[in-house]
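*Asks:* There's a structure below that I have some questions on.
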Amino acid sequence: MPSFTFFDLFAGIGGFRLALQNLGGKCLGFSEIAPDAIHYYCTNFRENPNLNFGDITKIKDLPYHDFMTAGVPCQSWSIAGKNLGFDDDRGQLWNDTLYLLNKVRPKVFIFENVKGLADPRNQNALNFILKRIAEAGYYADYYLLNACDYGIPQTRVRIYIIGFKEKKYFNKFKIPSPNSINVRLSSILDHGKEIIVNNSISNNVKSRWSLSCNNQGFNDYFLFNDLRNGSTTVHSWDIQNTTERQKQLCTILLTNRRKKNFGILDGNPLSLKQFQSIDPSITQEELDELVELYILKEISYLYKITDYHYNGLTDSQKLVLSFNEHGILNIDKLKTKREFKIRKISVSDTLTELMALGIITCIEKRYDFKNTKISTGLNGINRIFLPSSNIYPTLVASDTNDFVTSVTIEAKTIEDYKEKFIKEVFEKQQYRKISKSEACKLQGFPADYQLPESRARWMKLIGNSVAVPVVQKIAKEILKTGVFGDKTECSEENLLEQNEQNIVQLSLFDKI
5 MPSFTFFDLF
15 AGIGGFRLAL
25 QNLGGKCLGF
35 SEIAPDAIHY
45 YCTNFRENPN
55 LNFGDITKIK
65 DLPYHDFMTA
75 GVPCQSWSIA
85 GKNLGFDDDR
95 GQLWNDTLYL
105 LNKVRPKVFI
115 FENVKGLADP
125 RNQNALNFIL
135 KRIAEAGYYA
145 DYYLLNACDY
155 GIPQTRVRIY
165 IIGFKEKKYF
175 NKFKIPSPNS
185 INVRLSSILD
195 HGKEIIVNNS
205 ISNNVKSRWS
215 LSCNNQGFND
225 YFLFNDLRNG
235 STTVHSWDIQ
245 NTTERQKQLC
255 TILLTNRRKK
265 NFGILDGNPL
275 SLKQFQSIDP
285 SITQEELDEL
295 VELYILKEIS
305 YLYKITDYHY
315 NGLTDSQKLV
325 LSFNEHGILN
335 IDKLKTKREF
345 KIRKISVSDT
355 LTELMALGII
365 TCIEKRYDFK
375 NTKISTGLNG
385 INRIFLPSSN
395 IYPTLVASDT
405 NDFVTSVTIE
415 AKTIEDYKEK
425 FIKEVFEKQQ
435 YRKISKSEAC
445 KLQGFPADYQ
455 LPESRARWMK
465 LIGNSVAVPV
475 VQKIAKEILK
485 TGVFGDKTEC
495 SEENLLEQNE
505 QNIVQLSLFD
515 KI
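Under the working numbering, think of the first position of the sequence shown as 5, with each following residue one higher.
See below:
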């Protein structure tokens, strides 16, 4: 007999189920609506699809179970609404979850969500959820946990709301302690031996749990970006055929564009005159060459109104013109006006229209980096992570521009470190995106967990899942409270053996 029973709401591909079955639990049913997730959930657990209760908004009741789990999707958290009773505010997923909690009244539950639910801007929504849980007679609290603290090299912070029907068990519960040793990315990579580029270093690259420099200035990843200037940032002028003079001009822009004397934004383009205030020898031709290399872009920055008597302007055009100062329009100042965001007006498009009508003319050009979106990176690369790293960015359903390499870089100085990376990893193309089996391991699933062949499909499924080791460690602490009685003395080494013994008992659900 299993030590406890559970029901798997918003089941996805079975992250909660895998964790709880590893501890001896028996699944009495699941709820999921995504066809791909349903198929692979049933495939991996040898489950009958008829055990799927389907759309949670249509579920009226569930079989009694000891343990309820729910990875509630990231809907908008405007759920407080009219604050109706449990039976009267169905239709939003959190409310549907709380309705079933109150209806079934299991001994314990875990609800998981993105960390944004705990942000100050969503405090009212979180307070509402906790209030409704208390109204259902449960003692609960929320915890922010990072998966990289519990045995997998992925930074994945999630909120876990954990509740008990009886206060004595709630008081006994302790959140699991982080692992004393973090694992490295190399432990999940599908490669043979690591390639080591050595330079007789005395101290190897230290790994961390965060995306910051260690105390020696060495990162375990390289960022491809023209807007940052960290020791392991790779810029477009580092990997393109550029002269030392061109590199110097790019560095001047990089180190001065955030200075307030050049503009009001966090990053400001510079005019030729402003460049020359830093280095008088800079010429227009030099800036034009960097534009031709697609490293810089030319921006129309200041406009002068030349025709005040034009009729037939649109409301958007009139609004833009109304923000002139002594007949001058400043594009940076225009971008700070909330009116355009509220009315969904494109400032750039409207200025182009006014230019075409001959109402305004550009009187100052400025220059900024062409690649200004941090997450886009350069050449389709945002970051490349070394095997020595003990974190990888959060897996998401839409995939990212992050890559991994099996090459370990060792060097005496940070300059050598970066140079070796560019030559041995970037130029030799010794990097790739993570594989399906690696993504599974980053979430704590078996490497051979069955998922579709299409990268977009398996990334969506694994990116939407919970981190199995985190749930399993939480559940293990729940079992220690004795909430399920002495029968919870189960061996964690049983792993999935219990899964194969599960028998589908559809008669339990005839009333649904």
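Yeah, the Cβ is synthetic: ideal placement off N, Cα and C, and Gly gets one too.
For residue 336, does the three-state DSSP call read helix, strand or coil?
*Replies:* Reduced to three states, the DSSP call for residue 336 is helix.
*Asks:* Here's a check: name, in chain order, each residue in its chain whose Cβ is nearer than 7 Å to the Cβ of residue 84, leaving out the five neighbours to either side.
*Replies:* The pLDDT assigned to residue 84 is 45, lower than 50, so where the model puts this residue is not dependable; a value taken from the coordinates is nonetheless given after this. Once the five neighbours on either side are set aside, the close Cβ partners of residue 84 are 128, 129 and 132.
*Asks:* Please list, in chain order, all residues of the same chain as residue 333 whose beta carbon is under 6 Å from its beta carbon, the five residues on each side excluded.
*Replies:* So the qualifying residues of the chain are 307.
*Asks:* Please classify residue 14 as buried or exposed, where buried requires at least 16 other C-beta atoms within 10 Å of its C-beta.
*Replies:* With 16 or more other Cβ atoms within 10 Å, it is buried.
*Asks:* Which partner residues of residue 72 appear in the DSSP bridge assignment?
*Replies:* For residue 72, which the question treats as bridged, DSSP gives the partners 11 and 113.
*Asks:* Which whole-angstrom value describes the C-beta separation of residue 370 and residue 303, a residue pair presumed to lie in contact below a C-beta threshold of 8 Å?
*Replies:* Sure, about 5 Å apart at Cβ, within 8 Å.
*Asks:* Evaluate residue 460 with the Cβ neighbour count: other Cβ atoms within 10 Å of its Cβ, from every protein chain shown; 16 or more gives buried, anything less gives exposed.
*Replies:* It is exposed - the Cβ of residue 460 has fewer than 16 other Cβ atoms within 10 Å.
*Asks:* Pairs of beta-carbons, one from the segment 114 to 125 and one from the segment 439 to 458, closer than 8 Å: are there three or more?
*Replies:* They do not touch, by the three-pair rule.
*Asks:* Output the boundary residues of the beta strand (DSSP E) element that contains residue 163.
*Replies:* That run of the beta strand (DSSP E) goes 161 to 168.
*Asks:* Suppose the cutoff is 7 Å on Cβ atoms and the five residues either side in sequence are ignored; what does the same chain contact list for residue 109 look like?
*Replies:* Counting only Cβ-Cβ distances below 7 Å, and skipping sequence neighbours, we find 169.
*Asks:* Grouping DSSP H, G and I as helix and E and B as strand, with all else coil, what is residue 364?
*Replies:* Of the three classes helix, strand and coil, the one that applies to residue 364 here is strand, per DSSP.
*Asks:* Does DSSP classify residue 144 as helix, strand or coil?
*Replies:* Residue 144: strand per DSSP, three-state reduction.
*Asks:* Where does residue 407 sit, in a helix, a strand or coil, going by DSSP?
*Replies:* Three-state result, residue 407: strand.
*Asks:* Taking CB distances under 7 Å as the criterion, tell me whether residue 70 reaches chain D.
*Replies:* Among the chains of the structure shown, chain D does not appear; only one protein chain is present.
*Asks:* When the Cβ atoms of the segment 142 to 151 are set against those of the segment 51 to 60, are three or more pairs found closer than 8 Å?
*Replies:* The segment 142 to 151 vs the segment 51 to 60: no contact.
*Asks:* Can you give me the Cβ contacts of residue 453 inside the same chain, cut-off strictly under 7 Å, excluding the 5 residues immediately before and after it?
*Replies:* The answer, listed in chain order, is 48 and 444.
*Asks:* Between residue 375 and residue 240, how many whole angstroms is the CB-CB distance? I'm expecting something under 8 Å.
*Replies:* The pair is a contact, with the Cβ atoms about 6 Å apart (cut-off 8 Å).
*Asks:* Since residue 193 and residue 479 are thought to touch, with beta carbons under 8 Å apart, how far apart are those beta carbons, to the nearest angstrom?
*Replies:* Between residue 479 and residue 193 the Cβ distance is about 28 Å, and since that is not below 8 Å, they are no contact.
*Asks:* Is DSSP giving residue 23 helix, strand or coil here?
*Replies:* Residue 23: helix per DSSP, three-state reduction.
*Asks:* Between which two residues does the alpha helix (DSSP H) containing residue 467 stretch?
*Replies:* Residue 467 -> alpha helix (DSSP H) spans 459 to 467.
*Asks:* Near residue 8, what residues of its chain come up, given a Cβ to Cβ distance below 7 Å and the 5 sequence neighbours on each side ignored?
*Replies:* Counting only Cβ-Cβ distances below 7 Å, and skipping sequence neighbours, we find 29, 70, 71, 488 and 492.
*Asks:* Measure the beta-carbon distance from residue 378 to residue 231 and round it to whole angstroms, keeping in mind my assumption that it falls under 8 Å.
*Replies:* Between residue 231 and residue 378 the Cβ distance is about 6 Å, and since that is below 8 Å, they are a contact.
*Asks:* Alpha carbon to alpha carbon, how far is residue 172 from residue 111?
*Replies:* Looking at the two C-alpha atoms, the distance is approximately 12 Å.
*Asks:* Nearest-angstrom Cα distance between residue 10 and residue 113?
*Replies:* Rounded to the nearest angstrom, the two C-alpha atoms are 9 Å apart.
*Asks:* How should residue 312 be labelled, buried or exposed, when 16 other C-beta atoms within 10 angstroms of its C-beta is the threshold for buried?
*Replies:* It counts as exposed.
*Asks:* Looking at the structure shown, is residue 492 part of a helix, part of a strand, or coil, going by DSSP?
*Replies:* Because the pLDDT of residue 492 is 44, which lies under 50, any placement of that residue in the model is unreliable, and the number read from its coordinates should be weighed accordingly. Residue 492: helix per DSSP, three-state reduction.
*Asks:* Where residue 246 and residue 343 are concerned, what is the direct C-alpha to C-alpha distance, given to the nearest angstrom?
*Replies:* C-alpha separation (whole angstroms): 42 Å.
*Asks:* Starting from residue 444, trace the alpha helix (DSSP H) in both directions and tell me its first and last residue.
*Replies:* Here the alpha helix (DSSP H) through residue 444 covers 440 to 446.
*Asks:* In the DSSP assignment, the alpha helix (DSSP H) including residue 225 goes from what residue to what residue?
*Replies:* Careful: residue 225 lies outside any alpha helix (DSSP H), inside the beta strand (DSSP E) at 225 to 228.
*Asks:* Please classify residue 388: does DSSP put it in a helix, a strand, or coil?
*Replies:* Correct three-state label for residue 388: strand.
*Asks:* Since residue 34 is in the beta strand (DSSP E), which residue starts that stretch and which ends it?
*Replies:* Per DSSP, residue 34 belongs to the beta strand (DSSP E) from 29 to 34.
*Asks:* Would you report the Cα separation of residue 350 and residue 321, rounded to the nearest angstrom?
*Replies:* Taking the straight line from one Cα to the other gives about 10 Å.
*Asks:* Given a cut-off of 7 Å on the beta-carbon distance, is the pair residue 389 and residue 225 in contact?
*Replies:* Going by C-beta atoms, residue 389 is nearer than 7 Å to residue 225.
*Asks:* What whole-angstrom Cβ distance do residue 474 and residue 20 have, given they're in contact under 8 Å?
*Replies:* Not really, about 11 Å apart at Cβ, beyond 8 Å.
*Asks:* From residue 360 to residue 354, what does the alpha carbon distance come to, in whole angstroms?
*Replies:* Computed Cα separation, rounded: 10 Å.
*Asks:* Are the beta-carbon atoms belonging to residue 408 and residue 434 less than 7 Å from one another?
*Replies:* Not a contact, by the Cβ cut-off of 7 Å.
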